[in-house]
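J.: Using this note's numbering, read the sequence shown as starting at 15 and increasing by one per residue. Glycine residues also receive a C-beta, built at the ideal position from the N, C-alpha and C atoms. This is the structure I want to talk about, given as C-alpha cells.
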Amino acid sequence: MPCPFYFSSDFDIPVELWHQGLKNAPNPVAVVPGLESSVRPWISGTPVGNTLETLYGFAASGNHRGADGVYLFNWMDTNNWPVPGNDYKLVLKHGVGTRFVTTAARRHPVCFRDAVPAGFSMNVQLPADARLGKTFRMHIGPRPDSGTAWAIVGLAKRDGLSESRFRAKLNGQSLETAADLTNLKQLGGNSARAVRFACPLNVLKTGYNDLDLRQVAGSTGQQIVWVELRMDPGPETGPSNRQD
Numbered sequence: 015m016p017c018p019f020y021f022s023s024d025f026d027i028p029v030e031l032w033h034q035g036l037k038n039a040p041n042p043v044a045v046v047p048g049l050e051s052s053v054r055p056w057i058s059g060t061p062v063g064n065t066l067e068t069l070y071g072f073a074a075s076g077n078h079r080g081a082d083g084v085y086l087f088n089w090m091d092t093n094n095w096p097v098p099g100n101d102y103k104l105v106l107k108h109g110v111g112t113r114f115v116t117t118a119a120r121r122h123p124v125c126f127r128d129a130v131p132a133g134f135s136m137n138v139q140l141p142a143d144a145r146l147g148k149t150f151r152m153h154i155g156p157r158p159d160s161g162t163a164w165a166i167v168g169l170a171k172r173d174g175l176s177e178s179r180f181r182a183k184l185n186g187q188s189l190e191t192a193a194d195l196t197n198l199k200q201l202g203g204n205s206a207r208a209v210r211f212a213c214p215l216n217v218l219k220t221g222y223n224d225l226d227l228r229q230v231a232g233s234t235g236q237q238i239v240w241v242e243l244r245m246d247p248g249p250e251t252g253p254s255n256r257q258d
C-alpha cells in the first residue's frame, strides 16, 4: 500500500515501480495506493480536503499505472470530511474503476511526497516564484476524449495581485487565458486568486503533462501556491459537472 505518511496526498505514486519491485515475490502482491483525506501543496502549505474530483483524478492516474485498487485513508472518520455524506454514497455506488473515473470530472493537483526512501525525490514543486517561472509536471492517466480541460493556478495574497498577468504553456503549446476561477475553497496554499487557462484536449498527453507558468506583467512579483489540471466531460457525457 504505497501512500504518504500523513501530511498530504501524493498524486504521482509510481505504482509501476512497486509492481516491478514485487515481481519476484513468491505469491502475487496487490499494489493499492492510498489517498489521504487532505491535499497540501507543500509541507507547510495550507491544506484543503480532497473531493470526489481529486479522488477520480488519483484513481485515473493510479489505474493507468497498474494499481489494483485505491485505499482511502481517514475518509470515513466523520460523515462530512473530506466530502459530504451524499458524495460517500456516490463512491460506494460507482467505485473508482477506469471506465467510470475517466468519464467523470477529475482534478490532478500538484502535491509532494512526505515519506520517501533514500535517494528518491520528494517531488516538491511548490511554492514557486511566478516571475522566474517554473514547469510543473502532473500525471493524469488517460487523456480525455471529450469535454473541457483547464489549468488552474492559485496565487498567494501580495500587493499588485489583481493586475498581474500570466502566461502558460502545456507540453510546449501556448494556452489561452480564461476568466479567473471565482470559487477558491477547493484550492490549497491559502490561494487569494486563481487564474485559468483553457487546455485543448489534443494538447494533453496520456501520462505526464508539463505545464510551464510565468508572470509576464505586474508591478510586484507574485507567488504560485497551487497548480492543477482539471477536466470536465460536460453535462451530457459524465456524472459530474462541478467546475468550481
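Between the region 53-62 and the region 195-204, are three or more C-beta pairs nearer than 8 Å?
T.: A contact exists between the region 53-62 and the region 195-204.
J.: Please report how far the alpha carbon of residue 260 lies from the alpha carbon of residue 96, in whole angstroms.
T.: No answer is possible for residue 260: it lies beyond the span of the chain, which begins at 15 and ends at 258.
J.: So the beta strand (DSSP E) residue 183 belongs to, where does it begin and stop?
T.: Residue 183 -> beta strand (DSSP E) spans 179-184.
J.: Under three-state DSSP, which class holds residue 58?
T.: Three-state DSSP puts residue 58 in coil, outside helix and strand.
J.: Going by beta carbon distance, what residues of the same chain come within less than 8 Å of residue 85, once the five residues before and after it are set aside?
T.: Counting only Cβ-Cβ distances below 8 Å, and skipping sequence neighbours, we find 15, 17, 46, 47, 48, 49.
J.: Helix, strand or coil for residue 175? Go by DSSP, reduced to three states.
T.: Here residue 175 sits in coil by DSSP.
J.: Between the Cα of residue 224 and the Cα atoms of 39, 123, 110, 74, which residue gives the shortest distance?
T.: Comparing Cα positions, the closest option is 123.
J.: Do you know whose CA, among 135, 126, 236, lies nearest residue 173's CA?
T.: Of the candidates 135, 126, 236, the one whose C-alpha sits nearest the C-alpha of residue 173 is 236.
J.: Along the beta strand (DSSP E) that carries residue 76, what are the first and last residues, could you check?
T.: That residue, residue 76, is in no beta strand (DSSP E); its alpha helix (DSSP H) goes 66-78.
J.: So, with DSSP's three-state summary, where would you put residue 113?
T.: Of the three classes helix, strand and coil, the one that applies to residue 113 here is helix, per DSSP.
J.: Could you have a look at residue 20 and say whether DSSP puts it in helix, strand or coil?
T.: Residue 20 falls in the coil class under three-state DSSP.
J.: Just to confirm my understanding: we take residue 141, look at its own chain, exclude 5 residues before and 5 after, and list those with CB closer than 8 Å. What are they?
T.: Result list for residue 141: 55, 56, 59, 170, 203, 237, 238, 239, in chain order.
J.: For residue 31 and residue 74, what's the separation of their Cα atoms in angstroms?
T.: Taking the straight line joining both Cα atoms gives about 17 Å.
J.: Tell me the DSSP bridge mates of residue 134?
T.: Looking at the DSSP assignment, residue 134 forms no beta bridge with any residue, so it has no partner.
J.: Alpha carbon to alpha carbon, how far is residue 4 from residue 179?
T.: Missing from the structure shown is residue 4; the chain here goes from 15 to 258 and no further.
J.: Which value, in whole angstroms, describes the spacing of the CA atoms of residue 192 and residue 66?
T.: Whole-angstrom Cα-Cα distance: 24 Å.
J.: By alpha-carbon positions, which one of 125, 155, 229, 150 ends up nearest to residue 186?
T.: Closest option to residue 186, Cα to Cα, is 150.
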